[in-house]
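In the working numbering, the protein residues as written are 23 to 380. All C-beta atoms in this analysis are idealised placements derived from N, C-alpha and C, irrespective of residue type, glycine included. Worksheet for the structure shown next.
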């Protein structure tokens, strides 16, 4: 099945201002500096963005930048879409398969085998997938793939688990498989309604994600509240099932060695999902949660800013230390670092004084 062209970067009127609440405003987000790259005691680069931290009771404990403007969560939306698929009638899957539904996977053999297994539930094959063909996302996986003489494939693309589940749900409900990526398809309408309900907001806009699926604009605050809702849900609810699968199988949600999998391994019980263009959500079982958006999409700033936000939740800084900074090299030696701007150690005036050259 070839990907169906959409269609429509148009306001999602059906879920814009419904029971979930008003949609977030569409404006240029008022981002502020959130990370600095310091080389030799001088700020060499600055990443702007927005950060929000929620307390366990759901109130905003900290905010930097613009968490209220509409933005695209990219793949950080997948946990919400996975909940929507369960609500829409996704047939029962084991935890590993459900984790892959919410994944941006690296494309190793376990990822591919699990995606095939989801498809087989509905008598489907890779040819039915409507996502764009791609090489595996993981560096090692991509090199191995190319070493076998393989080219881009739909199963190898990092969103194939989500697409396999979309097809399986459509088949289970008797909906047409053709056009399953159209924003007006019954499946996508149900997913949009779930996203609106979990975020507590109407959807501000609908466009097309990189994989070809509809992409819903929400606010960073709404997305973070949805993450907290999943993280605190009872295990027998759809939200709890998705959260449990993601916690149990972090390497299926991402891949071996990926920073999100390592973060979940360091913080048992954490629910975490990244997204392209510098998006990250993370939520603890008691409801504390963080949301991060890096304005320029720079992935190198995503995890240090996330670590600083989690520190504001009271997480032990020693646990977060491997994620809180990234080294800056000069001549093969470390000469600086990239760190969140609200971290005191990152202030240039705290760096060791240097003698002028000459």
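With contact defined as three or more Cβ pairs closer than 8 Å, the stretch 49-56 and the stretch 72-83 are in contact. Following the DSSP letters along the chain, one finds residue 55 inside the beta strand (DSSP E) bounded by residues 54-61. Note on residue 252: 16 or more other CB atoms within 10 angstroms of its CB, so buried under the neighbour-count rule. A straight line joining the alpha-carbon of residue 327 with that of residue 80 spans about 20 Å. The three-state secondary structure of residue 260, taken from DSSP, is helix. CA-CA distance, residue 262 to residue 356, rounds to 43 Å. Between residue 136 and residue 188, the alpha-carbon positions lie close to 15 Å from each other.
Within the model, the alpha-carbon separation for residue 133 versus residue 190 is close to 17 Å.
Residue 305 and residue 218 do not touch by the CB rule: their CB atoms are close to 19 Å apart, not below 8 Å. By the Cβ rule, the stretch 154-169 does not count as touching the stretch 195-202, because fewer than three pairs are nearer than 8 Å. When the beta-carbon positions are compared, residue 128 and residue 163 come within less than 7 Å of each other.
The beta carbon of residue 89 sits closer than 6 Å to those of 72, 74, 242 and 243, all from its chain and outside the five residues before and after it, given in chain order.
In this structure, 286 is the residue among 286, 278 and 192 with its C-alpha nearest to the C-alpha of residue 265.
Annotation: the stretch 279-319 contains the following complete segments of the alpha helix (DSSP H) (minimum length 4 residues), in chain order: 281-288. Under the 10 Å beta carbon count, residue 234 is surrounded by 16 or more other beta carbons and is classified as buried.
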